[in-house]
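Residue numbers (the numbering used here), protein chains in the order written: chain A, 30 to 175; chain B, 221 to 299. Don't be surprised by glycine CBs; every beta carbon is placed ideally from N, CA and C. This structure is a prediction, so every number in the text was calculated from the model and none was measured. This report concerns only the one structure given below.
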Amino acid sequence: MNNLITKDMSEKMSIIVFSGTVDKLYPVGILASGAVAMGMDVDIFITFWGLNAFRKDQVTKNTKISKDFEEMSGAMMQMMQAKNVPSWYDILKRAKEVGNVKIHACSMTMDLMGMTKEHLADVVDDVVGVGSFIDLAKDSKITLFI
Amino acid sequence: MVEVKINRTVDARGSFCPGPLMELIRAVKEAQVGEVIEVLSSDQGSKRDIPLWVSKAGHILLNVNDNGGYTSFIVRKAK
Numbered sequence: 030m031n032n033l034i035t036k037d038m039s040e041k042m043s044i045i046v047f048s049g050t051v052d053k054l055y056p057v058g059i060l061a062s063g064a065v066a067m068g069m070d071v072d073i074f075i076t077f078w079g080l081n082a083f084r085k086d087q088v089t090k091n092t093k094i095s096k097d098f099e100e101m102s103g104a105m106m107q108m109m110q111a112k113n114v115p116s117w118y119d120i121l122k123r124a125k126e127v128g129n130v131k132i133h134a135c136s137m138t139m140d141l142m143g144m145t146k147e148h149l150a151d152v153v154d155d156v157v158g159v160g161s162f163i164d165l166a167k168d169s170k171i172t173l174f175i
Numbered sequence: 221m222v223e224v225k226i227n228r229t230v231d232a233r234g235s236f237c238p239g240p241l242m243e244l245i246r247a248v249k250e251a252q253v254g255e256v257i258e259v260l261s262s263d264q265g266s267k268r269d270i271p272l273w274v275s276k277a278g279h280i281l282l283n284v285n286d287n288g289g290y291t292s293f294i295v296r297k298a299k
């Protein structure tokens with residue numbers, strides 16, 4: 030009986046997004062999509078560079094990629110444009126439309142950078158402290174730090 | 221194969237993983253129970269991902285057809 034109850038509850042994936050480069054933001058959108066497709070709830074905590082990438086003025090125009098692969102940035106962007114790959118942000122928005130994806134902004138980073146929720150893109154659900162996020166994430170089946 | 225009436229075709233060819241799966245999920249969400257949706261995909265991951273999702277979500281995969289270069293999946297919304 031207990032087992033049945035557990036099975037009825039949605040499983041959860043939690044992602045902490047620390048990075049703000051496009052090559053690391055893509056997996057956030059794609060993995061969140063895979064999780065909602067498989068019926069999981071997703072909680073995403075955006076902090077530091079990850080939070081910066083969710084600024085209204087950043088979501089569409091950020092073209093930075095990791096230092097390790099910097100020289101490939103132009104070629105990668107061109108290839109993705111040629112193949113009509115949607116932006117990481119559009120992929121994440123679509124995942125939100127399909128399933129239960131909640132995006133939580135780190136209050137500490139917000140204070141540090143002098144930001145309010147108005148500075149952030151609409152997909153961001155709320156501003157929380159790290160404690161609340163850990164409380165949300167503690168029962169996750171999958172936890173990722175990107 | 222018995223002919224089925226397809227209510228809606230989603231052409232997701234050219235869209236990369238997980239695009240075709242996500243478009244199928246949206247189409248199934250919008251459909252009525254019993255309706256049949258066809259999705260066309262050129263993404264290799266779809267061949268495993270779409271049948272897996274259909275069975276997990278409790279719908280019925282009526283047909284999978286490899287057309288060379290793309291695959292068509294026919295799904296009936298069961299609930």
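- Residue 236 of chain B has a beta carbon lying within less than 7 Å of a beta carbon in chain A.
- Annotated three-state conformation of residue 276 of chain B is helix, per DSSP.
- Residue 246 of chain B reaches chain A at 123, 126, 127, counting residues in chain order whose Cβ is nearer than 9 Å.
- For residue 248 of chain B, same chain residues with a beta-carbon under 8 Å away, outside a window of 5 residues either side, are 257, 277, 279, 295, 297 in chain order.
- Taking a C-beta cut-off of 9 Å against chain A, the contacting residues of the region 253-281 of chain B are 269, 272, 273, 276, 277, listed in chain order.
- Within the region 90-114 of chain A, the residues whose Cβ lies closer than 8 Å to some Cβ of chain B are 112, 113, 114, listed in chain order.
- The residues 88, 89, in chain order, have a CB closer than 7 Å to that of residue 118 of chain A in the same chain once the five nearest residues on each side in sequence are set aside.
- For residue 264 of chain B, the closest alpha carbon among the candidates B:282, B:287, B:225 is that of B:287.
- Per DSSP, the unbroken alpha helix (DSSP H) holding residue 243 of chain B starts and ends at 239-250.
- For the region 61-80 of chain A, the residues whose beta carbon sits under 9 Å from a beta carbon of chain B are, in order, 62, 63, 65, 66, 67, 68.
- Here residue 239 of chain B is buried: its Cβ has 16 or more other Cβ atoms, across all protein chains shown, within 10 Å.
- Residues 40, 41, 42, 69 of the same chain have their beta carbon placed closer than 8 Å to that of residue 170 of chain A, with the five preceding and five following residues left out of the count.
- About 4 Å separates the beta carbons of residue 244 of chain B and residue 259 of chain B, which is inside the 8 Å limit, making them a contact pair.
- Contiguous alpha helix (DSSP H) elements confined to the region 74-123 of chain A occur at 78-81, 102-111, taking only those with 4 or more residues.
- Against chain B, a Cβ distance below 7 Å from residue 59 of chain A picks out 238.
- Going by DSSP, residue 53 of chain A is part of the alpha helix (DSSP H) stretching over 51-66.
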